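Visitor: Position in the first sequence counted from 1, then plus 30, gives you our numbering.
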Amino acid sequence: MSIPTSEQELLDRCYQLAGLTLAELAAMHRIELPVDLRREKGIVGQLLEVALGASAGSKAEPDFPHLQIELKTIPVDEQGRPLESTYVCVAPMTGFTVERFEDSWVYRKLSRVLWVPVLASRQIPLQQRVIGRAFLWQPTEQELAILRQDWEELMELLRLGKLSHIKGQHGTALQLRPKGANSQARTNALDEDGATVQALPRGFYLKTSFTSALLQRAFG
DNA sequence: CTCTGATCATTA
DNA sequence: TAATGATCAGAG
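1. Do you know how far the Cα of GLU182 is from the Cα of CYS119?
2. Measuring CA to CA, which of ARG163, LEU77, ALA90 is closest to ALA121?
3. Would you mind sorting GLY201 into buried or exposed? The rule is 16 or more other CB atoms within 10 Å of its CB.
4. Note down, one range per segment and in chain order, each alpha helix (DSSP H) of at least 4 residues found wholly within the segment 38 to 104.
5. Does the structure place the segment 74 to 83 close enough to the segment 32 to 40 that three or more beta carbon pairs sit under 8 Å?
6. By DSSP's criteria, THR217 is part of a beta bridge. Which residues make up the other side?
7. Considering THR241, what are the terminal residues of the beta strand (DSSP E) in which it resides?
8. Can you round the beta-carbon distance between GLU100 and PRO92 to whole angstroms, since I take them to be within the 8 Å contact cut?
9. Could you tell me which of GLY224, ARG142, LEU174 sits nearest to LEU190, measuring between CA atoms?
10. Reducing DSSP to helix, strand and coil, say where LEU193 ends up.
11. May I have the straight-line CA-CA distance separating SER213 from TYR45, to the nearest angstrom?
12. Going by the CB atoms, is the gap between TRP145 and ILE104 shorter than 8 Å?
13. Whose CA, out of LEU184, GLU62, SER242, PRO34, lies closest to the CA of HIS96?
14. Which whole runs of the beta strand (DSSP E) in the segment 119 to 167 are 3 residues long or more, in chain order?
15. At the level of alpha carbons, what is the spacing between PHE240 and ARG152?
16. Taking the straight line between their C-alpha atoms, what separation do you get for ASP66 and ARG207?
17. Whole angstroms are fine: how far does the CA of GLY110 sit from the CA of MET58?
18. Please name the residue, chosen from GLU132, THR124, LEU140, that lies closest to TYR117 on a Cα-to-Cα basis.
19. Between ILE196 and SER134, what straight-line distance do the alpha-carbon atoms span, to the nearest angstrom?
20. Which term fits PHE126, buried or exposed, when burial requires 16 or more other beta carbons within 10 angstroms of its beta carbon?
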């Protein structure tokens, strides 16, 4: 699929996808769906990337760089509530050169997000899960203030090397959680003395309470 | 090895 | 049963 040249073209493509099952969308793109997501957790997101013409790959930039739009599929239940938290980006654990929230990856990724809900209750087989109505979201001033406050709090933990203090419970909207191959994964980090040590890599995630609220705002 | 796409699965 | 910590596959 070609890269969408405008926001409207991207949204139009989304509207074409609404109501399709994942099996139907996969067939359209000659992609084989696994039976379940246990071994391919990211396949739904990758399928939507292909269908919408996102620049594939693992580059640390928005899915549609020219539109400054990040694509996020979000699993929801029958009431439109998110079933999972949402990964945002890896958390820096060393080399803290970014001081302003506006220069952070969190801000850049979340400044414009195209949310694509997928009805994905556990009892629904992957093939039968249905794509919902996508919507473009920009954080409100209030949401932005919360994100900024969380980011500053969480970055403080990382900057001061309080690695053992890190819990998923920190933050109102954002949280810090493991992000790696497994619990043995290691990356450079700072300890409380400012020395470089090996630590579990973390990522920023959006809590479901936050994404639930913005989904409700979009759908009522 | 890191970052992308995330969800799984055990715990509290 | 929600939340936290653990985990999987592919790209660059």
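Note that CB positions come from ideal geometry on N, CA and C, so glycine has one too. This structure is a prediction, so every number in the text was calculated from the model and none was measured.
Guide: Result, derived from the coordinates:
1. For the purposes of this step, residue 119 is taken as the residue at position 89 of the first sequence. For the purposes of this step, residue 182 is taken as the residue at position 152 of the first sequence. Between the C-alpha atoms of CYS119 and GLU182 there is a straight-line separation of about 15 Å.
2. Your numbering for residue 121 matches position 91 in the first sequence. When each option's Cα is compared against that of ALA121, the closest is ALA90.
3. Taking the first residue of the first sequence as position 1, residue 201 is located at position 171. Counting Cβ neighbours within 10 Å, GLY201 comes out buried, since at least 16 surround it.
4. Those alpha helix (DSSP H) runs which fall completely within the segment 38 to 104 and span 4+ residues are 52 to 58, 73 to 82.
5. Segments in contact, yes.
6. Start at 1 with the first residue of the first sequence, and residue 217 comes out as number 187. Answer is ALA229.
7. Along the first sequence, one-based indexing puts residue 241 at 211. From DSSP, THR241 is part of no beta strand (DSSP E) but of the alpha helix (DSSP H) over 238 to 249.
8. Residue mapping note: residue 100 aligns to position 70 of the first sequence, counting from 1. Residue mapping note: residue 92 aligns to position 62 of the first sequence, counting from 1. Yes, they are in contact, since the Cβ atoms of GLU100 and PRO92 sit about 5 Å apart, within 8 Å.
9. Here residue 190 is taken as the residue at index 160 of the first sequence, counted from 1. Cα-wise, what sits closest to LEU190 is GLY224.
10. Taking the first residue of the first sequence as 1, we reach residue 193 at position 163. In this structure, LEU193 counts as helix in the three-state DSSP scheme.
11. In the first sequence, counting from the first residue as 1, residue 213 sits at position 183. In the first sequence, counting from the first residue as 1, residue 45 sits at position 15. A direct Cα-to-Cα measurement between SER213 and TYR45 gives close to 39 Å.
12. Taking the first residue of the first sequence as 1, we reach residue 104 at position 74. Taking the first residue of the first sequence as 1, we reach residue 145 at position 115. Here ILE104 is near TRP145, since their CB atoms are less than 8 Å apart.
13. Your numbering for residue 96 matches position 66 in the first sequence. If we check each option's Cα against that of HIS96, PRO34 comes out closest.
14. List check, beta strand (DSSP E) in window: 143 to 149, 165 to 167.
15. Looking up residue 240 in the first sequence gives position 210. Looking up residue 152 in the first sequence gives position 122. If I take the Cα positions, the gap works out to 21 Å.
16. On the first sequence, position 36 is the one that residue 66 refers to. On the first sequence, position 177 is the one that residue 207 refers to. The straight-line gap from Cα to Cα measures roughly 24 Å.
17. One-based indexing of the first sequence puts residue 58 at position 28. One-based indexing of the first sequence puts residue 110 at position 80. It is roughly 26 Å from the alpha-carbon of MET58 to the alpha-carbon of GLY110.
18. The residue you call residue 117 lines up with position 87 of the first sequence. Measuring from the Cα of TYR117, the nearest candidate turns out to be LEU140.
19. The residue labelled residue 196 in the question sits at position 166 within the first sequence. The residue labelled residue 134 in the question sits at position 104 within the first sequence. When the Cα atoms are used, ILE196 and SER134 turn out to be separated by approximately 19 Å.
20. Position 96 of the first sequence holds residue 126. Classification for PHE126: exposed.
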